[in-house]
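This report refers to the structure that appears directly beneath it.
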């Protein structure tokens, strides 16, 4: 199976790789470290750098795809095929043509792929740091151990990226000097340090603009300190037909909203009133109740009825005989008011 060349041991912070790897992926990473690095068994599980992270991801992709490499792949990486002076050198890993200035160094990756490795790794570290809510400022609280470790890993990765950018800038100056004497010998598909720098700054600019746009879209709603979020007075209580309505108590102070016409007594709805027919034939001495033409008001259950009738003064038979001289019809509404309409005066 193909593998990357053994990586020399390097000094690093004792940061766990679990900061950026899930448990199952961490298990695979420790296996990759034992196979393709010179780390001691006690050092396995330490956070990788950008290049190691990319090589591990490539190894994972080969594992998932079931790819079985040639047994001579490891040897091929150390053999440089013969090329004519007019052909550009090829990077051993990405297989991209590199600039003649860098051809003598036999690079594993071209400058564009190299800086892209650092960009991807920084995105992973940034995502993990944001997942832990960042590193709080000293004035806002004490950061947890995970936040401190993630911030330290992010800082270490950022410094490594800036060192690579500095090396690309130095290499870009050498390419500019070479181009003065060989301006007609450089192929368009050559991945130079200048292209790598342009790619890096483009990624940084787009990332900053995306962050700025996402910040501007965020909006917040603020409430006054005395805002009461509990359920308030039901809307039906503000209607004039409500038994709990008190004229003027909840009236708007704005004159534009206080010009609604008052409801007169003549326009009152008596559809739900009880009708008593008195003094007529015996078959009409019973009370008649008119069915309401509109749904019953749900607030009628809240009415405080004292049980007293407006006609309880009519107690004696003598008074009934006096009233029998003329017939009349009485209406009694389920309110404190009552109305009498005489048919024969």
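In our numbering, the protein residues as written are 51 to 395.
The beta carbon of each residue, even a glycine, is placed where N, CA and C say it ideally should be.
Keep in mind that this is a model prediction, so the values were computed, not measured.
(request) Would you kindly report the start and end of the unbroken alpha helix (DSSP H) that includes residue 199? (result) Residue 199 -> alpha helix (DSSP H) spans 195 to 231.
(request) Would you tell me roughly how many angstroms separate the C-alpha atoms of residue 475 and residue 232, rounded to the nearest one? (result) Because the chain in this structure spans residues 51 to 395, residue 475 falls outside the shown range and cannot be described.
(request) Verify the CB distance criterion: does residue 281 have a CB-CB separation below 8 Å to chain B? (result) Chain labels in this structure do not include chain B; a single protein chain is all it has.
(message) Can you tell me where the alpha helix (DSSP H) holding residue 175 begins and where it ends?
(response) Unbroken alpha helix (DSSP H) run through residue 175: 161 to 181.
(message) Could you check whether the region 74 to 89 touches the region 145 to 158, counting it as contact only if at least three pairs of C-beta atoms, one from each stretch, sit closer than 8 Å?
(response) No, the region 74 to 89 does not touch the region 145 to 158.
(message) Which residues does DSSP list as the beta-bridge partners of residue 66?
(response) In DSSP, residue 66 forms a bridge with 96.
(message) Taking the alpha-carbon of residue 179 as reference, which of 75, 295 and 196 has the nearest alpha-carbon?
(response) Taking residue 179 as reference, the option from 75, 295 and 196 with the minimal CA-CA separation is 196.
(message) Quick check on the burial criterion: 16 or more other C-beta atoms within 10 angstroms. Buried or exposed for residue 351?
(response) The predicted position of residue 351 is uncertain, since its pLDDT is 49 and thus under 50; a value taken from the coordinates is nonetheless stated next. Exposed, since its Cβ has fewer than 16 Cβ neighbours within 10 Å.
(request) Report all residues from its chain with a CB closer than 6 Å to the CB of residue 146; omit the five preceding and five following residues, and keep chain order. (result) Closer than 6 Å at Cβ, skipping near neighbours: 160 and 241.
(request) Report, in whole angstroms, the separation of the C-beta atoms of residue 96 and residue 64, which I expect to be a contact under 8 Å. (result) Contact holds; Cβ gap of about 7 Å.
(request) State buried or exposed for residue 216, treating a residue as buried only when at least 16 other CB atoms are found within 10 Å of its CB. (result) With fewer than 16 other Cβ atoms within 10 Å, it is exposed.
(request) Reducing DSSP to helix, strand and coil, say where residue 87 ends up. (result) The answer is strand: DSSP assigns residue 87 an E or B state.
(message) Please report the straight-line C-alpha distance between residue 71 and residue 277, rounded to a whole angstrom.
(response) CA-to-CA, the gap between residue 71 and residue 277 works out to about 46 Å.
(request) Quick one: grab the DSSP three-state call for residue 241. (result) Strand at residue 241.
(message) Just verifying my parser: in three-state terms, what is the DSSP assignment at residue 147?
(response) Reduced to three states, the DSSP call for residue 147 is strand.
(request) Return the CA-CA distance between residue 398 and residue 181, expressed in angstroms with no decimal places. (result) Outside the shown range of the chain (51 to 395) lies residue 398, about which nothing can therefore be said.
(message) So, for residue 2: in the same chain, excluding its five sequence neighbours on each side, which residues have a beta-carbon less than 8 Å away from its beta-carbon?
(response) Residue 2 lies beyond the range of the chain shown here (51 to 395); nothing can be said about it.
(message) Which same chain residues end up closer than 6 Å to residue 92 when comparing Cβ atoms and leaving out the 5 residues on each side of it in sequence?
(response) None.
(request) Please name the residue or residues paired with residue 271 in a DSSP beta bridge. (result) In DSSP, residue 271 forms no bridge with anything.
(request) For residue 244, collect the residues of the same chain with a Cβ closer than 7 Å to its Cβ; drop the 5 residues on either side in sequence, then sort them by chain order. (result) Taken in chain order, the residues that qualify are 222 and 225.
(request) Have a look at residue 259 and residue 90 and give me their C-alpha separation to the nearest angstrom. (result) CA-to-CA, the gap between residue 259 and residue 90 works out to about 43 Å.
(message) Let me check understanding here. Comparing Cα to Cα, which of 290, 169, 204 and 280 lies closest to residue 67?
(response) Here the closest residue by C-alpha is 204.
(request) Please look up how many angstroms separate the CB atoms of residue 200 and residue 69, rounded, as I've assumed it's under 8 Å. (result) Yes, they are in contact, since the Cβ atoms of residue 200 and residue 69 sit about 6 Å apart, within 8 Å.
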